[in-house]
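Notes follow the structure.
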Amino acid sequence: MPNIGLPELLIILLVALLLFGGSRLAGLGKGVGRSIREFKEEVKSAESPDQDKDKSSEPEVVEAEIVDEKAADLERRQRELEAREQALKEAELKAREAALNAREAETGN
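The numbering used here puts the first residue of the sequence shown at 3, with every later residue one more than the last.
Written out as structure tokens, the structure reads:
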């Protein structure tokens, strides 16, 4: 089996960073940490069932950061779409006015 040292690990991390980007790697690390924490909590609760009753009264914490990022991205896209639609309407209006002016020039009105 090959021996993986520090230089090899650095190369692997660099390739992963280039492939996936910093934000995805950070999210992956966050997800792995959350999974390990939940696993530890489940192991502890299996060892002492009395603590399960106390935990059930606590409200469940939901990750809101991911939802906020998606909501912000959705709002940004919505604003961009509205701006594009407005620009398209303005361009269409200008084209109609130009066509109308051209017809009026042809008819002499």
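By construction, the Cβ of each residue, glycine as well, lies at the ideal position given by its N, Cα and C atoms. Predicted model only: the values in this text are computed from it and were never measured.
- Separation of the CB atoms of LEU27 and LEU19 is rounded to 6 Å, and the pair is thereby assigned contact status at 8 Å.
- In the three-state reduction of the DSSP assignment, PRO61 falls in the coil class, being assigned neither a helical nor a strand state.
- The C-alpha of ALA85 lies about 26 Å from the C-alpha of LEU102.
- For ILE14, the enclosing alpha helix (DSSP H) stretches over residues 8-22.
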